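Structure first, then comments.
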Amino acid sequence: TGSDAGVVNIYDAESTLGKKHPSPIKSVLNLTTPIDEVSFNHDGQLLAMISRRKKDSMKLVNCNTLNVVPNWPTSGTPLRYTQCAAFSPNS
Numbered sequence: 015t016g017s018d019a020g021v022v023n024i025y026d027a028e029s030t031l032g033k034k035h036p037s038p039i040k041s042v043l044n045l046t047t048p049i050d051e052v053s054f055n056h057d058g059q060l061l062a063m064i065s066r067r068k069k070d071s072m073k074l075v076n077c078n079t080l081n082v083v084p085n086w087p088t089s090g091t092p093l094r095y096t097q098c099a100a101f102s103p104n105s
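Its first residue numbered 15, the sequence shown is counted upward by one per residue in this note's numbering.
Listed below in structure tokens is the structure:
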């Protein structure tokens, strides 16, 4: 899930079933503006999260390690104001 504070919570599907208030297995705090979109790649190994309100506000999470991909985006990959996030079918 995303929030107005730039937090993305990641949950384990099996452990959340039937729970009224499940706990996330990871809270990603790397963006500081509201989260506008989250998107998984085809096999669920990568999670993209974006905010449209600030330049270069896109992060990728490796869902196997639950770590944000470090040092990306860089000044060499300017994203400007990201509007959406999607993966190619076999990414």
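Every residue gets a Cβ at the ideal spot worked out from N, C-alpha and C, and that includes glycine.
The structure presented is a predicted model; accordingly, all values stated were derived computationally and were not measured.
Relative to the C-alpha of residue i, which candidate in the options has its C-alpha closest?
i, options, result
"G20", "S37, D26, K34, D50", "D50"
"D18", "K33, C98, I64", "I64"
"T79", "T30, I39, E28, S89", "I39"
"R67", "T88, C77, C98", "C98"
"I24", "P87, S37, K33, L31", "S37"
"S41", "G90, V22, P87, E28", "V22"
So, for residue i: in the same chain, excluding its five sequence neighbours on each side, which residues have a beta-carbon less than 8 Å away from its beta-carbon?
i, result
"N81", "V75"
"P103", "H56"
Give me the Cβ distance between residue i and residue j, rounded to the nearest whole Å; I'm assuming they're in contact under 8 Å.
i, j, result
"L61", "V52", "6 Å"
Using a Cβ-Cβ cut-off of 7 Å (strictly less than) and excluding sequence neighbours within five positions of residue i, which residues of its own chain qualify?
i, result
"P84", "none"
"I26", "Residue 26 is actually Asp in this sequence, not Ile. Same-chain partners within the cutoff: I39."
I'd like the list of long-range same chain contacts for residue i, defined as Cβ closer than 6 Å, with 5 residues on each side in sequence excluded.
i, result
"T88", "none"
Margin query: Does the segment 83-97 come into contact with the segment 52-59, if we say contact requires no fewer than three beta-carbon pairs (one atom in each stretch) closer than 8 Å?
Written below: no
Next item on the list: Take every Cβ of the segment 69-79, pair it with every Cβ of the segment 38-47, and state whether three or more of those distances are shorter than 8 Å.
Entry: yes
Next item on the list: Only counting runs of 3 or more residues, tell me where the beta strand (DSSP E) segments fall wholly within the segment 19-96, in order along the chain.
Entry: 22-24, 40-42, 51-54, 60-64, 72-76
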